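K.L.:
Residue numbers (the numbering used here): 487 to 804.
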């Protein structure tokens, strides 16, 4: 059993280290893009950009305590108390980050459909159900009481009971279902709009959105499976990695859309067909089937206005 615990500690640390390296290394790689596309003086703080900053820096700062959680070596008699608090903070941080990411996907998908009320209602009802069910699964899970002997030799790794693991797996399943819904709506709109020639925006949405969906499906399934079949100390092994992957990919989607919107007017996109569609704009709020919420003007012509308006009519730019 001692050897088994040592193996589980080693696996936990390897996966955790990989996740944290990915988060902070990607931040270094994309910081210059963020400064160029989000920090410029003429950029206003909007709901979309606020969500971008929340996702970006909640992930960066919220995972700092995880370094202690995963790699702390101590014989402090208060170690159990400290570890319990770190684990609780980790759970709350994960929930908040996933809600922020869900909000970003919600707004992007809503605007992709030109703020269609049917899509708004579908996404709103789905989000309420998923958040409610996920929250209920996590916060009503059986309370776990630990003794110092439950801790592995280093770090803050506790065993997770089968019932608690099942509840956590249910929460991850709910989160996965929202990703499936968003991916379906995105691909459906892409196929129905393919004939308009609006390829540049759609290429980014479909490429990054499909990549996000594909990676998240695999990652979420790995978390769910680990909760059901892994040993006690490896249940939910890839949870942190999945959370970080989701945050990183949504960040890159936002940066790519902002890059597209900031392109010089002389650049050879949009396509001729799409440029003609812009000239044939009508009062219906559509351009040959393309929602005006996906279009911009002036120096931001062609930025995805995925985030143009809220239900109250306030503007939300990327």
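Ideal placement from N, C-alpha and C gives every residue a C-beta, glycine not left out.
Just so it is clear, the structure is predicted and the values come from calculations on it, not from any experiment.
(1) Under the three-state reduction of DSSP, which class applies to residue 644: helix, strand or coil?
(2) Would residue 523 be called buried (16 or more neighbouring beta carbons within 10 Å of its own) or exposed?
(3) Where do the ends of the alpha helix (DSSP H) carrying residue 601 lie?
(4) Do residue 658 and residue 709 have their CB atoms nearer than 7 Å?
(5) Determine the contact status of residue 596 and residue 587, defining contact as a CB-CB distance below 7 Å.
(6) Pick out whichever of 626, 499, 534 has its Cα sitting closest to the Cα of residue 743.
(7) Are three or more beta carbon pairs between the stretch 637-649 and the stretch 555-567 nearer than 8 Å?
(8) Would you mind sorting residue 503 into buried or exposed? The rule is 16 or more other CB atoms within 10 Å of its CB.
(9) If contacts are defined as beta-carbon pairs under 8 Å, then residue 719 and residue 494 qualify, I think. What distance do you get, rounded to the angstrom?
(10) Got a sec? Which residues, its chain only, sit under 6 Å from residue 435 by beta carbon, not counting five neighbours each side?
(11) Please tell me whether residue 608 and residue 592 are closer than 7 Å, where the distance is taken between their beta carbons.
(12) Under 7 Å, do residue 546 and residue 589 count as touching if we go by C-beta distance?
(13) Assign residue 490 to one of two classes, buried (16 or more other C-beta atoms within 10 Å of its C-beta) or exposed (fewer than that).
(14) Would you mind sorting residue 624 into buried or exposed? The rule is 16 or more other CB atoms within 10 Å of its CB.
(15) Which residue marks the beginning of the alpha helix (DSSP H) containing residue 531, and which one marks its end?
(16) Would you tell me roughly how many angstroms separate the C-alpha atoms of residue 737 and residue 542, rounded to the nearest one?
(17) Have a look at 509, 507, 712 and flag the residue whose alpha-carbon is nearest the alpha-carbon of residue 653.
(18) I'd like to know whether the C-beta atoms of residue 723 and residue 501 end up nearer to each other than 7 Å.
(19) Report the three-state DSSP secondary structure of residue 559 (helix, strand or coil).
(20) With H, G and I counted as helix, E and B as strand and the rest as coil, what does DSSP make of residue 632?
(21) Going by other Cβ atoms of all chains shown within 10 Å of its Cβ, with 16 needed for buried, is residue 496 buried or exposed?
(22) Buried or exposed for residue 599, going by 16 or more other Cβ atoms inside 10 Å?
(23) Looking at residue 468: is its Cβ nearer than 7 Å to the Cβ of residue 651?
(24) Taking the beta carbon of residue 526 as the centre, do at least 16 other beta carbons fall within 10 Å, making it buried, or is it exposed?
(25) So for residue 722, helix, strand or coil by DSSP?
(26) By alpha-carbon positions, which one of 673, 672, 662 ends up nearest to residue 701?
(27) Out of 645, 664, 629, 617, which has the shortest C-alpha to C-alpha gap to residue 698?
(28) In its own chain, which residues sit with a C-beta less than 6 Å from the C-beta of residue 725, not counting the 5 before and 5 after it?
(29) For residue 777, count the other beta carbons within 10 Å of its own beta carbon; 16 or more makes it buried, fewer makes it exposed. Which is it?
P.N.:
Straight from the coordinates:
(1) Here residue 644 sits in coil by DSSP.
(2) buried
(3) Element bounds for residue 601: n/a, residue is neither H nor E.
(4) yes
(5) no
(6) 534
(7) yes
(8) exposed
(9) 4 Å
(10) Given a span of 487 to 804 for the chain in the structure shown, any question on residue 435 remains unanswerable.
(11) no
(12) no
(13) exposed
(14) buried
(15) Segment: none, residue 531 is in no alpha helix (DSSP H) and carries neither H nor E.
(16) Distance between the alpha carbons of residue 737 and residue 542 is about 7 Å.
(17) Of the candidates 509, 507, 712, 712 places its Cα closest to the Cα of residue 653.
(18) yes
(19) coil
(20) coil
(21) Its Cβ having fewer than 16 others within 10 Å, residue 496 is exposed.
(22) buried
(23) Missing from the structure shown is residue 468; the chain here goes from 487 to 804 and no further.
(24) exposed
(25) coil
(26) Measuring from the Cα of residue 701, the nearest candidate turns out to be 662.
(27) 664
(28) 709
(29) Note that residue 777 scores 47 on pLDDT, short of 50, meaning its location in the model is unreliable; the coordinates nonetheless yield the value given after this. Answer is buried; the Cβ neighbour count reaches 16.
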